[in-house]
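Colleague:
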Amino acid sequence: MRNFAPLKTMRPQAQGRLSHVPAWPILSARASTNIKQSMKATRHVLLALLALFTLVTFFANIGALPTDIMEQRNVVTAREMVDDGCWLVPTMNGALRLEKPPLPTWVAGAIEAVAPGSLSTQRLAAGTMGCLWTWFLFLTARLLARRTDYAMVATVVFLTCYNTVLMGRSATWDIYCHALMMGAIYLLLRALMEERGYRWQLPLAGLLMGLSFLSKGPVSFYALLLPLVLSIVTLPSVSMRGKWPYVALMAVVAVVVGGWWYAYLLLVHGDAVSAVMAKESGAWSNHNVRPWWYYWRFFLEMGAWALPALAALALTYWKHHITLKRTYLITFCWAVGSLLLLSLMPEKKMRYLLPSLAPCAMLVACVMTHLKEACATGRVDPLGRALYGAQGVLLTIVITAAAVALFVVPAAAVISLAARVVAAVALGVTAVLTVWATLKRKPMVQVAAVALVFATAELLLLPAITRAVGNPASRNIILTVGTPQAKALPLYHAQDTPIRIELVYNAQRKILPINLNDTANVRAHLPLALVIPASQTERVPATVMAVADTTVMGHYDINLHPKGNRHYTDDLRGRVLRLTAKGGNAGRRAPQPTSNDQ
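Numbering (our numbering), first residue to last: 10 to 607.
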């Protein structure tokens, strides 16, 4: 013990000798502290940049993209909730709309009540859910790997998948159900992997599961939760002692929260619910049926990460070389399980792969994090070396081509010269960074380069997309039916000719069907405005012409693409007629259209 005696108890000679001993252990401790503080500060800066990139991904130029039909259906239903005051039984153009659960539409309805007709405000809610999904993915990735750098890479990969960007900017159902389910998955994993907190984590996970079901039914349960549950067997040391009662509570909460609305509908509209369920079941088996291998090209949905996503499937190779073996195995089973389960469904669309992007992003992050550590130590395995080089070359070619295309492709002329110059400079710098990162073996710089490309596109180029594909002859129907005189007239269309929901969305009110062959009914509703698409073959019957005067109020063409494009359709162009009683003696104000007029 005398070797550890205090300095003051030693002999003076020993004290003198010790006074000349260098203080390098103390300096090393200080240096170590400084290094830790520097690393912590760097991590905070990177997290702040990641948060900023997330905001740019979902909110920059949020109103630039044109609406799609799913977004229009949701907004029309929300608008009618507000106008009719019927929030529990949704309608779309006056007809029951029970195909989709109501939670996203309730949110859209609340926004419509506060900011009527504001598409950008509607998309803010979707962007918020996109941020929530991203945040829960980050937390889940960090929980699985116990590493923040891996979680940041997984998040960047996820945010640079174009389907993530697209759906996070669209006021539809998908982003809600998957964001809420990712939160439930994070809480479930924490409860399984930790011994504290599961008493509140599991019930809260059940709440989020129920809200996910209330957003789009069982979609996220099937595509996200089920493959994770099947891959949980790869988790080591998962203890369920004392947790089963709370797992049961989680299930009960999920069923109650997710099922009460369906139970209510069965009570008040049982026949309609049965018809919708039969219709939806038939659609899954008869509509857009594709062979089971249809999703073989799933890796293309990863965009810039197609090569790493494809290479990550080499399970027998990576399990011997990859750094994060446990995390890789979990995410591999999760991603492949999701793809296989989706492949078993008869109905297939590439956008249905959206939930698979989350586990695929974490799988790609395993490979990129491995390359980072292998390059740092100088021990890069053969496949990793080939993959890293090929990824660098491919990214450089694509980024350079994009910069050149800004001045060569005719469609790019709709972008202002200043925006093109700034974007080209940003892309040029990114291409140089990518070349440098490839030569110097800096995988994280490659990851940052992809993020910079997406940020450049979202900030500078996104507003030009609508102009690049727009219809020069476009004329919105609201210009005809939105005038004070036209607003006094109810809108109808011929009962035998279905009306496109795009017209209802742009007209900003219902366009209900009317039987033109029932002259007495038509006369009872005069005056009215009749929407006649160019594709309609049925003319206004002579019996109606005998009792009503017709006046052309205006023409419309709401096609997003120009005439001659394969997406152009006569269903979205036509005219609006004003029908008034002969001699102007209709005698009474036209009744407001109701669903009974169907």
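Quick reminder that beta carbons are idealized off the backbone N, C-alpha and C, glycines included.
Return the first residue and the last residue of the beta strand (DSSP E) that residue 4 is part of.
Modeller: In the structure as shown, the chain starts at 10 and stops at 607, and residue 4 therefore has no counterpart that could be examined.
Colleague: From what residue to what residue does the alpha helix (DSSP H) around residue 488 run?
Modeller: To locate residue 488, count along the sequence shown from 1; it is residue 479. Note, residue 488: alpha helix (DSSP H), 487 to 490.
Colleague: Thinking C-beta only, is residue 532 closer than 9 Å to residue 549?
Modeller: Here the question's residue 549 lines up with position 540 in the sequence shown. Here the question's residue 532 lines up with position 523 in the sequence shown. No.
Colleague: Relative to the alpha-carbon of residue 295, which residue among 355, 146, 559, 332 has its alpha-carbon at the smallest distance?
Modeller: By one-based count along the sequence shown, residue 295 stands at place 286. With distances taken between Cα atoms, residue 295 lies closest to 355.
Colleague: Please check the pair residue 267 and residue 222, which I expect to be a contact at CB under 8 Å, by giving their CB distance rounded to whole angstroms.
Modeller: Here residue 267 corresponds to residue number 258 of the sequence shown, with the count starting at 1. Here residue 222 corresponds to residue number 213 of the sequence shown, with the count starting at 1. Rounded, the Cβ-Cβ distance is 3 Å, consistent with contact.
Colleague: Where does residue 558 fall in DSSP's three states?
Modeller: On the sequence shown, position 549 is the one that residue 558 refers to. If DSSP states are grouped into helix, strand and coil, residue 558 belongs with the strands.
Colleague: Applying the 10 Å Cβ sphere with the 16-neighbour rule, what's the burial state of residue 240?
Modeller: Here residue 240 refers to the residue found at position 231 when the sequence shown is read from its first residue. The residue is buried, with at least 16 neighbouring Cβ atoms inside 10 Å.
Colleague: From the DSSP secondary-structure annotation, give me the bridge partner or partners of residue 138.
Modeller: Counting from 1 along the sequence shown, the entry for residue 138 is found at position 129. In the DSSP output, where bridge partners are listed per residue, residue 138 has none listed.
Colleague: I'd like to check one pair, residue 486 with residue 553: are the Cβ atoms closer than 9 Å?
Modeller: Here the question's residue 553 lines up with position 544 in the sequence shown. Here the question's residue 486 lines up with position 477 in the sequence shown. It is not a contact, given that the beta carbons lie outside the stated cut-off.
Colleague: First and last residue of the alpha helix (DSSP H) that includes residue 329?
Modeller: Looking up residue 329 in the sequence shown gives position 320. Unbroken alpha helix (DSSP H) run through residue 329: 324 to 330.
Colleague: Can you give me the Cβ contacts of residue 299 inside the same chain, cut-off strictly under 6 Å, excluding the 5 residues immediately before and after it?
Modeller: For the purposes of this step, residue 299 is taken as the residue at position 290 of the sequence shown. Only 357 meet the Cβ criterion.
Colleague: Does any C-beta atom of chain C lie closer than 9 Å to the C-beta of residue 462?
Modeller: Looking at the structure shown, chain C is missing, and only one protein chain is on hand.
Colleague: Once you ignore the five residues that flank residue 399 on each side, which residues in its own chain have a CB closer than 7 Å to its CB?
Modeller: If you number the sequence shown from 1, residue 399 lands on position 390. Excluding positions up to five away in sequence, the list reads 316.
Colleague: Decide if residue 36 is buried, meaning its Cβ has at least 16 other Cβ atoms within 10 Å, or exposed.
Modeller: Numbered from its first residue, the sequence shown carries residue 36 at position 27. Because residue 36 sits at a pLDDT of 45, beneath the cut-off of 50, its placement in the model cannot be relied upon, and the following sentence gives the value as read from the coordinates. Per the 10 Å Cβ criterion, exposed.
Colleague: Curious, which full-length alpha helix (DSSP H) runs of at least 4 residues does the stretch 60 to 120 contain?
Modeller: If we require 4 residues or more, the alpha helix (DSSP H) runs fully inside the stretch 60 to 120 come out as 78 to 93.
Colleague: With a threshold of 16 other CB atoms inside 10 Å of the CB of residue 425, please say whether the residue is buried or exposed.
Modeller: For the purposes of this step, residue 425 is identified with residue 416 of the sequence shown, where counting begins at 1. Looking at its Cβ environment, which holds fewer than 16 other Cβ atoms inside 10 Å, residue 425 is exposed.
Colleague: According to the Cβ coordinates, are residue 522 and residue 579 closer than 9 Å?
Modeller: Counted from its first residue, the sequence shown places residue 522 at position 513. Counted from its first residue, the sequence shown places residue 579 at position 570. No, the Cβ-Cβ distance between residue 522 and residue 579 is not below 9 Å.
Colleague: Mind checking residue 375: buried by the 16 CB within 10 Å criterion, or exposed?
Modeller: The residue you call residue 375 lines up with position 366 of the sequence shown. Buried, since its Cβ has 16 or more Cβ neighbours within 10 Å.
Colleague: Taking the alpha carbon of residue 63 as the reference point, which residue from 463, 509, 503 has its own alpha carbon closest?
Modeller: For the purposes of this step, residue 63 is taken as residue 54 along the sequence shown, with counting starting at 1. Nearest C-alpha to residue 63: 463.
Colleague: Less than 9 Å separating the beta-carbons of residue 482 and residue 572?
Modeller: Here residue 482 is taken as the residue at index 473 of the sequence shown, counted from 1. Here residue 572 is taken as the residue at index 563 of the sequence shown, counted from 1. Going by C-beta atoms, residue 482 is nearer than 9 Å to residue 572.
Colleague: Straight-line CA distance for residue 234 to residue 349?
Modeller: Translated into the one-based positions of the sequence shown, residue 234 becomes position 225. Translated into the one-based positions of the sequence shown, residue 349 becomes position 340. Distance between the alpha carbons of residue 234 and residue 349 is about 13 Å.
Colleague: Could you tell me the distance, in whole angstroms, from the CA atom of residue 287 to the CA atom of residue 280?
Modeller: For this step, residue 287 is matched to residue 278 along the sequence shown. For this step, residue 280 is matched to residue 271 along the sequence shown. Spanning the two alpha carbons is a distance of roughly 11 Å.
Colleague: Just to confirm, are residue 471 and residue 70 a CB contact at a threshold of 9 Å?
Modeller: Walking along the sequence shown from the start, residue 471 turns up at place 462. Walking along the sequence shown from the start, residue 70 turns up at place 61. Cβ atoms of residue 471 and residue 70: closer than 9 Å.
Colleague: Compute the Euclidean distance between the alpha carbons of residue 421 and residue 427, then round it to the nearest angstrom.
Modeller: Walking along the sequence shown from the start, residue 421 turns up at place 412. Walking along the sequence shown from the start, residue 427 turns up at place 418. Between residue 421 and residue 427, the C-alpha separation is close to 12 Å.
Colleague: Given that a residue counts as buried once 16 or more other Cβ atoms are within 10 Å of its Cβ, and exposed if not, what is residue 602?
Modeller: Here residue 602 refers to the residue found at position 593 of the sequence shown. In this prediction, residue 602 scores a pLDDT of 42, lower than 50, which makes its location untrustworthy; no coordinate-derived value is stated.
Colleague: Cα separation between residue 529 and residue 583?
Modeller: In the sequence shown, counting from the first residue as 1, residue 529 sits at position 520. In the sequence shown, counting from the first residue as 1, residue 583 sits at position 574. Going by the C-alpha atoms only, they are around 26 Å apart.
Colleague: Would you decide whether residue 467 is buried or exposed? Buried here means 16 or more other CB atoms lie within 10 Å of its CB.
Modeller: As a position in the sequence shown, residue 467 is number 458, starting the count at 1. So residue 467 ends up on the buried side.
Colleague: Grouping DSSP H, G and I as helix and E and B as strand, with all else coil, what is residue 538?
Modeller: Taking the first residue of the sequence shown as 1, we reach residue 538 at position 529. Strand, per DSSP.
Colleague: Please report the distance separating the alpha-carbon of residue 391 from that of residue 452.
Modeller: For the purposes of this step, residue 391 is taken as the residue at position 382 of the sequence shown. For the purposes of this step, residue 452 is taken as the residue at position 443 of the sequence shown. Computed Cα separation, rounded: 16 Å.
Colleague: If I'm right that residue 489 touches residue 440 with Cβ under 8 Å, what's the distance once you round it to whole angstroms?
Modeller: Taking the sequence shown and counting its residues from 1, the one referred to as residue 489 is at position 480. Taking the sequence shown and counting its residues from 1, the one referred to as residue 440 is at position 431. In fact, because the Cβ distance is near 49 Å, the residues do not count as touching under 8 Å.
Colleague: Below 6 Å CB to CB, which residues in the same chain sit around residue 411 once its five sequence neighbours on both sides are set aside?
Modeller: Taking the first residue of the sequence shown as 1, we reach residue 411 at position 402. So the list reads 436, once near-sequence residues are dropped.
Colleague: Determine the direct distance from the alpha carbon of residue 197 to that of residue 142, and round the result to whole angstroms.
Modeller: Position 133 of the sequence shown holds residue 142. Position 188 of the sequence shown holds residue 197. Going from the Cα of residue 142 to the Cα of residue 197 covers about 15 Å.
Colleague: Below 6 Å CB to CB, which residues in the same chain sit around residue 33 once its five sequence neighbours on both sides are set aside?
Modeller: By 1-based counting over the sequence shown, the position of residue 33 is 24. Bear in mind that the predicted position of residue 33 carries a pLDDT of just 44, short of 50, making it unreliable; the figure below should be weighed with that in mind. Closer than 6 Å at the Cβ level, and outside the excluded window around residue 33, lies no residue.
Colleague: Just reading off the beta strand (DSSP E) that residue 521 is part of, what are its end residues?
Modeller: Indexing the sequence shown from 1 puts residue 521 at position 512. Element bounds for residue 521: 521 to 523.
Colleague: Considering Cα atoms alone, identify which of 227, 581, 517 is closest to residue 492.
Modeller: Your numbering for residue 492 matches position 483 in the sequence shown. The option with the nearest alpha carbon to residue 492 is 517.
Colleague: Judging by CA-CA distance, which residue of 369, 351, 513, 309 is the nearest neighbour of residue 338?
Modeller: On the sequence shown, position 329 is the one that residue 338 refers to. For residue 338, the nearest C-alpha among the options comes from 369.
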